[in-house]
Amino acid sequence: MAHVIVDTCTKDQLCVDACPNGSIHPTSDDAGFENEPQMYINPEECIDCGACISVCPTNSIYPAEELPEDKAEFVAKNAAYFTK
Ligand code: SF4
């Protein structure tokens, strides 16, 4: 299970610097950054290290198994960004 970003994300990008392997997109260097409402974690790349959680100022990142029930849809939403 990967970590997951939910819709309280404000795209501050602090998690991008914390992630050891670039699993979080879009960054401001990626095409379409302005058009995405939030950032997403690639479930194929995330190693579940948890480094992103503590740097998120809006507490928008969860281990998938700890997602609040009303945010369950964001497992699929994070994965979908990387299959576009
Ligand atoms: S848990 Fe680790 S690998 Fe996964 S997105 Fe966060 S910082 Fe990156």
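Under numbering that gives the first Met the number 0, residues 0 to 83 are what the sequence shown spells out, in order.
Virtual Cβ for every residue (Gly too), placed ideally from N, Cα, C.
Query: Using only CA atoms, which one of Glu-72, Glu-68, Gly-21 and Ala-71 lies nearest to Asp-47?; Result: Gly-21
Query: Report the rounded CA-to-CA distance for Phe-81 versus Asn-41, giving the unit in angstroms.; Result: 6 Å
Query: If Pro-15 sits next to Ile-4, beta carbons under 8 Å apart, how far is it from one beta carbon to the other, in whole angstroms?; Result: Residue identity differs from the one stated: residue 15 is Val in this sequence, not Pro. Val-15 to Ile-4, Cβ: 11 Å. No contact.
Query: Determine the DSSP secondary structure at Ile-40, reduced to helix, strand or coil.; Result: strand
Query: Considering only the alpha carbon of each residue, which of Asn-58, Pro-36 and Ala-50 lies closest to Asn-77?; Result: Pro-36
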